[in-house]
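Student: Quick note: the sequence shown, position 22, residue 22 per the UniProt record's numbering, numbers continuous.
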Amino acid sequence: MWVSLPGRVNTQELHVRALEQGISIAPGLIFSNTEQFNHCIRLNCGMPWNKEAERALMTLGMLAKQLCQEAIQVY
């Protein structure tokens, strides 16, 4: 699943913070040699849906929200 976040969100940092929580995502920058997809992430949807996946997605959403708020404060 390809997820597009607001352009100000650093998906490399989201990747690092997600890994700290045991969540693996692919930041968009690894899919292009330009900065075109730096605001995107790729999620693996090949696993069965369960409570653990739901918790991971909720945590990822909270992390993304934090990064959005941090980016707004910088502006």
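Glycine is no exception: its CB is placed at the ideal position from the N, C-alpha and C atoms. Bear in mind the structure is a predicted one, so any value in this text is a computation, not a measurement.
#1: Enumerate in chain order the residues of its own chain whose CB-to-CB distance from Asn-38 is below 7 Å, with the five nearest sequence positions on each side excluded.
#2: Starting from Arg-8 and walking both ways along the alpha helix (DSSP H), at which residues does that stretch end?
#3: Reducing DSSP to helix, strand and coil, say where Cys-68 ends up.
#4: Who are the near neighbours of Thr-59 in its chain, counting only those whose CB is closer than 7 Å to its CB and skipping five residues on each side?
#5: Which two residues bound the contiguous beta strand (DSSP E) that contains Cys-40?
#6: Within the present structure, is the beta-carbon of Leu-63 separated from the nearest heavy atom of the ligand FMN by less than 6 Å?
Tutor: Checking against the coordinates, here is how it stands:
#1: Counting only Cβ-Cβ distances below 7 Å, and skipping sequence neighbours, we find Thr-11, Gly-28 and Leu-29.
#2: Where Arg-8 is concerned, there is no enclosing alpha helix (DSSP H), given that its DSSP letter is neither H nor E.
#3: If DSSP states are grouped into helix, strand and coil, Cys-68 belongs with the helices.
#4: Gln-21 and Ile-23, listed in sequence order.
#5: Start and end: 40-42.
#6: Ligands displayed in this structure: none; no statement on the ligand FMN is therefore possible.
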